[in-house]
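See structure below.
Residue numbers (our numbering): 31 to 525.
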């Protein structure tokens, strides 16, 4: 960095920090502290989950000095916006911000002390069937003749009905859970419990955050009433489109290509219903990047924007236990083609469409940092960030563990438990509380290294909470972190 450039950056950070200083009890920064603020912000930009003890060692700072600089970074809006919207590790930044919300900090401290904490998010898997045959899905397998089939759930007795589903939802609301989703190994729209469950949760709570993950091939019987329920009751819906055109979609989904347009027509009906009702639901989609699809992701984004979607997740294929690896194979020109797309995304080519790209798809200039290679404990399971209720009331630490395909691979490993005492709200709550407490030791023992159903998407969350835990052990409390606890782009797009 030239002396002039360094001086300009120091001047800028001093101006920005002076704005923060108006609200925070900080003294004027020295030139060296300005340089350190810039270095720390730059490091967090590319490695938001880096532990504070490592930063302190590299910068030769003690805990108090680091906390002071963190305080400046936390108070500078411009730095926070860059970390949220421009960092290549946006998912990790989002997870950090969510966990650092003031209402979550007491739970973090209790969890780090080894206490049992109630789940922060519950996902329901109500459907016993699926209408697609996605080739890289762990729940889809071919038979000896090459026909692809959905692996059904093990029969665990009587499936949940409407009353029991409502009772379970009421229980979690009464326990303080405010974040819910509906998804599954099956397609949730195929179960009559999905719309009823969504509407019931919304009727019980205005504060609840409710999401739906669907493949978009809704029942033919759905009409205006069903779309209006989605618009008025959901905060977010994401369509797992996963392909850019009808041919790719048919090849991957195992269904006739004409259904691809049916899917987009359903999305358009939902967008129209939102406009008609002045709804606030966020509507988005996901697209998988594989050797079959990487050249057409741009056309997918163009269509998504033209349709009126709010966000798109560009995802790598998670091949589930090493199978179907052909969907991860990439040709020699993948990097060049995808980097050109990334440049357009970063330049704002897609306007108000909020595009989030898996960090596994970003170019890797160097070897992964050491802290990313370690098998961290499964904070997803410990925190209850994705506690999943299966179609029979069975409890799993995450949606991937609940998938019927995952269950067939686990062998001797069992679910956390199964809800069965539906006599009253009190009895079902007592049963769940006991099962959840009894499972803490097992949930704490899980890690990426020993968990049969762990998938790469859990890594971002586990690394971010591991960072918070290591920082807590180092003496830096959650409220002293450099990233401000706030709702970010997953709840409100910048556009």
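Here a beta-carbon is modelled for each residue, glycine too, at the ideal position from N, C-alpha and C.
* To do: Measuring alpha carbon to alpha carbon, tell me which of 484, 431, 472, 460 ends up nearest residue 153.
  => For the purposes of this step, residue 153 is taken as residue 123 along the chain shown, with counting starting at 1. It is 431 whose Cα lies nearest to the Cα of residue 153.
* Buried or exposed: where does residue 472 fall if 16 or more other Cβ atoms within 10 Å of its Cβ makes it buried? -> Within the chain shown, residue 472 is the residue found at index 442, counting from 1. That one is exposed.
* To do: Measuring alpha carbon to alpha carbon, tell me which of 115, 286, 85 ends up nearest residue 383.
  => Looking up residue 383 in the chain shown gives position 353. Cα-wise, what sits closest to residue 383 is 115.
* Asked: In this structure, what does DSSP give as the bridge partners for residue 218?
  -> The residue labelled residue 218 in the question sits at position 188 within the chain shown. Paired residues: none, contrary to the question.
* Asked: If we count Cβ pairs, one from each stretch, closer than 8 Å, do we get three or more for the stretch 117 to 127 versus the stretch 487 to 497?
  -> yes
* Using beta-carbon positions only, say whether residue 513 and residue 74 come within less than 9 Å of one another. => Sequence index remark: in the chain shown, residue 513 carries index 483 (1-based). Sequence index remark: in the chain shown, residue 74 carries index 44 (1-based). Their beta carbons are under 9 Å apart, which means residue 513 touches residue 74 by this criterion.
* Considering only residues of the same chain and omitting the five flanking positions on each side of residue 433, which have a CB-CB separation below 6 Å? -> Reading the chain shown from its first residue, position 403 is the one you call residue 433. Cβ neighbours of residue 433 beyond the five flanking positions: 168, 169, 215.
* What alpha helix (DSSP H) runs, 4 residues minimum, are completely inside the stretch 96 to 169? -> 107 to 115, 120 to 129, 135 to 142
* **Backbone CA spacing between residue 506 and residue 93 [nearest angstrom]** => Translated into positions along the chain shown, residue 506 becomes position 476. Translated into positions along the chain shown, residue 93 becomes position 63. Going by the C-alpha atoms only, they are around 7 Å apart.
* **Neighbourhood of residue 222 by C-beta distance below 8 Å, restricted to the same chain and skipping five residues each side** => The count along the chain shown starts at 1 and reaches residue 222 at position 192. For residue 222, where only same-chain residues beyond five positions count, the Cβ hits under 8 Å are 192.
* To do: Tell me, to the nearest whole angstrom, how far the beta carbon of residue 494 is from that of residue 126; I am working on the premise that it is less than 8 Å.
  => Counting from one through the chain shown, the residue named residue 494 turns up at place 464. Counting from one through the chain shown, the residue named residue 126 turns up at place 96. Correct: roughly 5 Å between the Cβ atoms.
* **8 Å CB neighbourhood of residue 69 in its chain, flanking five on each side removed** => Taking the chain shown and counting its residues from 1, one reaches residue 69 at position 39. The residues are 89.
* Own chain, CB closer than 6 Å to residue 237, minus 5 neighbours either side, in chain order -> To locate residue 237, count along the chain shown from 1; it is residue 207. Excluding positions up to five away in sequence, the list reads 208.
* Buried/exposed call for residue 62, threshold 16 Cβ in 10 Å -> Here residue 62 refers to the residue found at position 32 of the chain shown. With fewer than 16 other Cβ atoms within 10 Å, it is exposed.
* Can you tell which of 250, 245, 199, 289 has its C-alpha closest to the C-alpha of residue 230? -> Translated into positions along the chain shown, residue 230 becomes position 200. Answer by Cα proximity: 199.
* **Which listed residue (435, 67, 110) has its alpha carbon closest to that of residue 96** => The residue you call residue 96 lines up with position 66 of the chain shown. Selected option, being the one with the closest Cα: 67.
* Asked: Grouping DSSP H, G and I as helix and E and B as strand, with all else coil, what is residue 262?
  -> Along the chain shown, one-based indexing puts residue 262 at 232. Of the three classes helix, strand and coil, the one that applies to residue 262 here is helix, per DSSP.
* Which whole runs of the alpha helix (DSSP H) in the stretch 266 to 352 are 4 residues long or more, in chain order? -> For the stretch 266 to 352, the continuous alpha helix (DSSP H) assignments of 4+ residues that do not extend past its boundaries occur at 276 to 283, 289 to 307, 327 to 337, in sequence order.
* From this set, 457, 316, 71, 367, which residue's C-alpha is nearest residue 341's C-alpha? -> Translated into positions along the chain shown, residue 341 becomes position 311. It is 316 whose Cα lies nearest to the Cα of residue 341.
* **alpha helix (DSSP H) segment containing residue 491, residue limits** => Along the chain shown, one-based indexing puts residue 491 at 461. Run containing residue 491: 488 to 504, per the alpha helix (DSSP H) assignment.
* **Touching by the beta-carbon criterion (3+ pairs, under 8 Å), the stretch 330 to 346 and the stretch 246 to 264** => no
* **Close beta carbons around residue 110, own chain, < 6 Å, minus the five adjacent residues each side** => One-based indexing of the chain shown puts residue 110 at position 80. Correct list, in chain order: 514.
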